[in-house]
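Everything below concerns the one structure shown next.
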Amino acid sequence: MSGDRVTKVLLFISSLTILLLSAGIVISLFGGALPAFREFGFRFIISSAWNPTAGSEEYGAMSFIAGTVITSILALIICIPMAFSTSLFIAEYYNGTRTSGILRSLVDLLAGIPSIVYGFWGFYALRPLMVATGLTDQGFGVFTASLVLAIMIVPYATSLSAEIISMVPAELKEAAYSLGATRREVIFSVVIPSARSGIIASFILALGRALGETMAVTMLIGNANVIPKGLFAPGNTMASVIANQFGEASGLKMSALIAIGLLLFLITALVNYLGKLIIKRFA
Amino acid sequence: MNNTPQSNNVLEIRDLSIAYEPGKNAVNGVTASVKRNSITAIMGPSGCGKSTLLRAMNRMHELYPNIRTKGDILLDGQSIFSMSVIELRRKVGMVFQRPNPFPNMTIYENVVAGFSLNDIRLKKSQRDEIVENALRNVTLWDEVKESLYRKGTFLSGGQQQRLCVARAIAFNPEVLLLDEPTSALDPIATSKIEDLLGELKKKYTLVLVTHNMSQAARISDDSMFMYLGELVESGRTGTLFTTPKDPRTEAYLTGKFG
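Same order as they appear, the protein sequences are chains A and B.
Numbering of the first sequence is given in the numbering used here, commencing with residue 8 and proceeding in unit increments.
Numbering of the second sequence is given in the numbering used here, commencing with residue 121 and proceeding in unit increments.
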């Protein structure tokens, strides 16, 4: 066989492996989730019941779907102003300076901190602060989790946005400057509009990460299997309930957890698809 | 225009040196002048500093903090370094090597971009007039009057470049700097731009950087020849092309280097 053919076959096998792996994951998720869907039908998605007592078992995913969506979106809302202004600072205002270099490395450093460490920090540093505000009794809850989640996704949104912003062609910026525009005017009328779809994409990517984040959220959200009653009330997310309960689960409960995993997978896929649609519309 | 008699020289460059890194001058001690309502061509081989010299005239180098400029440039007798940079850039417009209309703006918005970027509010009728005049001046009006509200990036390269000229003259500047404005264009688009420049010099003073000698010979009134950061020779284009004083100018004009 010629070298060309060997390469082609090797590449084909690698791609096929990826395809088979993802298909395998989806198939086993479906298989595992089937008993729960058979038992509860569509009600599994809209019900917020979670009763593992033998004999009167009933499971529904709504509390966790609500918890996941609320914490992720809240985290995104908190993340946007921080990440947006930081990326502008790094990639435009102070681009090429030592300050921006240091900040860039710090942002990358934040991205490298393990999730459990964020959870730890949230538990011992942030939670007491939340108690001190008087808004919550124990400091657990949706808001505490979202805050840590926001800090965790800021680095992703920031470094991707910064990348996009620094890709805006110098000649466009120079054109605006040559017309007498100030720096602020160049940034808001030329840089941001040109980078818009990329900036949106970076926030959608960050939302995707927030949806699936597990450990830090588990440690802070309070793990109450109900739809959260307010921003400072405890709740639970899809990823957290799986992490908390899979060890002791069996039978119908295990199937319910797998079904939640499948739903989480579908929601994340949907978010990514929506992100691509938005990018297409703006690009 | 004010009523005080103005000297024939719009721009006076005095002992100007520009360095991208300390100790290495990309432009070295250039002294020259640019006459009103004329086209002055700056020629020379790649890397000779011609674009660097041009970009000093609207203080473009200040966007890049590492670049050091020494010496002075006078616009109508006043040092450009003592003016507000915004005021300067409204008096000295610029057209770039590659057409660069703002991709997020329509043709109409591109022409008045100078006003909208500076938060200058105009009545719709004023804006319409500025757009039509500027586009007529660059002979683009008839080609785009039906599609003013389409994105400027839909136009051909030559049309985009004329749009960029329109954008630069919408402010009615005194001087127009052109940095190899036809190097990305085909011959037909190039000749349209060259004709346009011949018209524009009646109203504005043009400084044209070009690596294309025949272009300089065709359309410029005065020429400067730069080599390795130095202004080797300058004068009337006809004289410089037919009887160059410096052997380096002659070598360049006869294609020995560049």
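Beta carbons are placed, not taken as given, at the ideal position from N, Cα and C, and that holds for glycine.
All values derive from a computational prediction rather than experimental measurement.
Would residue i be called buried (16 or more neighbouring beta carbons within 10 Å of its own) or exposed?
i	result
V198 (chain A)	buried
Q280 (chain B)	buried
Y125 (chain A)	buried
P125 (chain B)	The pLDDT assigned to P125 (chain B) is 47, lower than 50, so where the model puts this residue is not dependable, and the model offers no usable value.
V13 (chain A)	exposed
Y324 (chain B)	buried
Q246 (chain B)	exposed
R340 (chain A)	Chain A is shown from 8 up to 290; residue 340 (chain A) falls before or after that span and cannot be answered.
N230 (chain B)	buried
M346 (chain B)	buried
T60 (chain A)	exposed
M174 (chain A)	exposed
Y184 (chain A)	buried
G187 (chain A)	buried
N222 (chain B)	It should be noted that the sequence gives Phe, not Asn, for residue 222 (chain B). With 16 or more other Cβ atoms within 10 Å, it is buried.
F274 (chain B)	exposed
Could you please give the first and the last residue of the uninterrupted alpha helix (DSSP H) stretch that includes residue i?
i	result
A217 (chain A)	199-219
D248 (chain B)	244-257
I53 (chain A)	50-53
Taking the beta strand (DSSP E) that residue i belongs to, which residues open and close that run?
i	result
S166 (chain A)	Premise fails: S166 (chain A) lies in the alpha helix (DSSP H), 149-173, not in any beta strand (DSSP E).
E141 (chain B)	129-141
K190 (chain B)	188-195
G355 (chain B)	350-356
F345 (chain B)	342-347
S153 (chain B)	144-155
A161 (chain B)	159-163
How big is the Cα-Cα spacing for residue i and residue j?
i	j	result
V329 (chain B)	M163 (chain B)	6 Å
M329 (chain A)	A246 (chain A)	Residue 329 (chain A) falls outside the range modelled here, since chain A spans only 8 to 290, and no answer is possible.
L156 (chain A)	L117 (chain A)	12 Å
E132 (chain B)	T93 (chain A)	43 Å
Y131 (chain A)	R216 (chain A)	23 Å
I37 (chain A)	I25 (chain A)	The amino acid at residue 37 (chain A) is misidentified as Ile; the sequence shows Phe. So the two alpha carbons sit approximately 18 Å from each other.
G39 (chain A)	I207 (chain A)	35 Å
R356 (chain B)	S343 (chain B)	6 Å
R179 (chain B)	L113 (chain A)	34 Å
F210 (chain A)	P219 (chain B)	31 Å
T189 (chain A)	I206 (chain B)	7 Å
V258 (chain B)	L317 (chain B)	9 Å
L320 (chain B)	I250 (chain B)	16 Å
N122 (chain B)	A371 (chain B)	Only weak support exists for where N122 (chain B) lies, its pLDDT of 45 falling under 50; the value from the coordinates is given anyway. Answer to the nearest angstrom: the Cα atoms are 44 Å apart.
T363 (chain B)	E181 (chain A)	38 Å
T374 (chain B)	S303 (chain B)	21 Å
F47 (chain A)	G258 (chain A)	14 Å
C284 (chain B)	I249 (chain A)	59 Å
S29 (chain A)	G268 (chain A)	14 Å
S171 (chain B)	K211 (chain B)	19 Å
Look at the Cβ atom of residue i, then the Cβ atom of residue j, and state whether they are nearer than 7 Å.
i	j	result
A213 (chain A)	A169 (chain A)	no
L326 (chain B)	I193 (chain B)	no
G146 (chain A)	P241 (chain A)	no
I289 (chain B)	E314 (chain B)	no
D299 (chain B)	L174 (chain B)	yes
L264 (chain A)	F272 (chain A)	no
F49 (chain A)	A43 (chain A)	no
Y140 (chain B)	I200 (chain B)	no
F216 (chain B)	E192 (chain A)	no
A223 (chain A)	S122 (chain A)	yes
A56 (chain A)	G67 (chain A)	yes
Give me the residue from the options with the minimum Cα distance to residue i.
i	options	result
L227 (chain B)	B:A336, B:K244, B:G272	For the record, residue 227 (chain B) in the displayed sequence is Ile; it is not Leu. It is B:G272.
M177 (chain B)	B:L296, B:N129, B:Q246	B:L296
L208 (chain B)	B:F291, B:N186, B:S245, B:W261	B:F291
V233 (chain A)	A:E178, A:D11, A:I53	A:I53
V161 (chain A)	A:P88, A:A56, A:N243, A:G67	A:P88
R105 (chain A)	B:N253, B:V147, B:E252, B:P185	B:P185
N243 (chain A)	A:I123, A:S209, A:I72, A:G219	A:I72
M214 (chain B)	B:G234, B:N224, B:D196	B:G234
D115 (chain A)	A:A183, A:L167, A:F150	A:L167
L95 (chain A)	A:L83, A:L81, A:R111, A:I84	A:R111
I120 (chain A)	A:K236, A:F91, A:Y163	A:Y163
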